[in-house]
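Q: Numbering (my numbering), first residue to last: 16 to 391. All residues carry an ideal CB built from backbone N, CA and C; glycine is no exception. One structure coming up, written as structure tokens, with questions to follow.
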Ligand SMILES: *Cc1c(COP(=O)(O)O)cnc(C)c1O
């Protein structure tokens, strides 16, 4: 087996286990019964994971969609809002803004409620907006805004939307599988996530978990053929796990192994504890080395942590990145409009040992930088 050149401390693609990679070493027929049975099993497992009350299973369903996470977001926005409907998007980062951008391109009427990137979207503001604009039929919100790593309070948003009879769309891309989240408890109609984030598979497809009744109303609404969520669902339902178009077979097999590993670890609650331990160790170590986390502790998700560029050591992100990469760790640049940050992911097959190794690599960089005279 080929060794990785570096560990990915990025929130997808991320560091996967050897078994997940090995699961891709066989070729599968896309319409064969064995393969489609595997797909059906995955769909059922995903629905179960998303429910607090398993007795509600029959009311929910899963649709797998080729492409990265954005493809699935686009398939939902393009397939579930009827003519005459209107979407309200809560945004406090790049992924919320992307939902509004998708609506714009698809000409879905939409209003974006924009919040500061270091603040949670406020449910009270949403409530006032919904009362003022009864044309809104759907509300979309991001659970963990990966831009900063902020964990949004989707419970209060869900209450504001559902108590007013709106359909609720949640982008849980970077949280599902790593942060417990229950569609039935929050009455989420469409929950979107992908293979290569907290479930720790490899990139290639995403999925939408849907309230069956809400999805059943979406026949003929799609603004795209390949991203028609209802069409994809119908084929999977009626042909027992068959995808409409070529399915990413190797990726699906890797995902099946990743889901098995997630269950063996103890599910989203156990994984959440591991990620939080990674984050806490990371933040403590980085603070000891003179870095500051962007967000206050109470807003930080366990998924990814943003750090401000440090003062005083002539910090150069490109140089920092290359130095860590040479030592075997790849991190993420920042994505903020207003402040200079970089991000480190806490997800993937990463534990204390890997975080300790990263911190040692950061320390080597800091020591070298401190030894070097600052020049203008
Ligand atoms: C990763 C991510 C997406 C989708 O990104 P892709 O690059 O298309 O996979 C969407 N929303 C959030 C919150 C994400 O973290």
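#1: Can you look up residue 380 in the DSSP assignment and give me helix, strand or coil?
#2: Cα separation between residue 371 and residue 293?
#3: Residues in the same chain with beta-carbon distance under 8 Å from residue 260, minus the five sequence neighbours each way, listed in chain order, please.
#4: Can you look up residue 59 in the DSSP assignment and give me helix, strand or coil?
#5: Report yes if the CB atom of residue 115 is closer than 7 Å to the CB atom of residue 125, and no otherwise.
#6: Cβ-heavy atom distance between residue 84 and ligand 1 below 6 Å?
#7: Could you compute how far the alpha carbon of residue 193 sits from the alpha carbon of residue 74?
#8: List the residues that DSSP assigns as beta-bridge partners of residue 51.
#9: How should residue 84 be labelled, buried or exposed, when 16 other C-beta atoms within 10 angstroms of its C-beta is the threshold for buried?
#10: Just checking residue 355 against ligand 1 - is the residue's beta carbon closer than 6 Å to any of the ligand's heavy atoms?
#11: Measuring CB atoms only, is the segment 205-223 touching the segment 40-56, in the sense that at least three cross pairs come out at less than 8 Å?
#12: Indicate whether residue 24 and residue 349 have their beta-carbon atoms separated by less than 7 Å.
#13: Residue 40: buried (16+ other C-beta within 10 angstroms of its C-beta) or exposed?
#14: When you compare each of 165, 166 and 184 to residue 174 by their alpha carbons, which one comes out closest?
#15: Would the beta-carbon of residue 165 fall within 7 Å of that of residue 323?
#16: Under DSSP, the alpha helix (DSSP H) around residue 340 begins and ends at which residues?
#17: Going by DSSP, which residues form a beta bridge with residue 77?
#18: Are the beta-carbon atoms of residue 362 and residue 318 separated by less than 7 Å?
A: Reading off the structure:
#1: helix
#2: 9 Å
#3: 81 and 241
#4: helix
#5: yes
#6: yes
#7: 23 Å
#8: Residue 51 is not bridged to any residue.
#9: buried
#10: no
#11: no
#12: no
#13: exposed
#14: 184
#15: no
#16: 332-341
#17: 224
#18: yes
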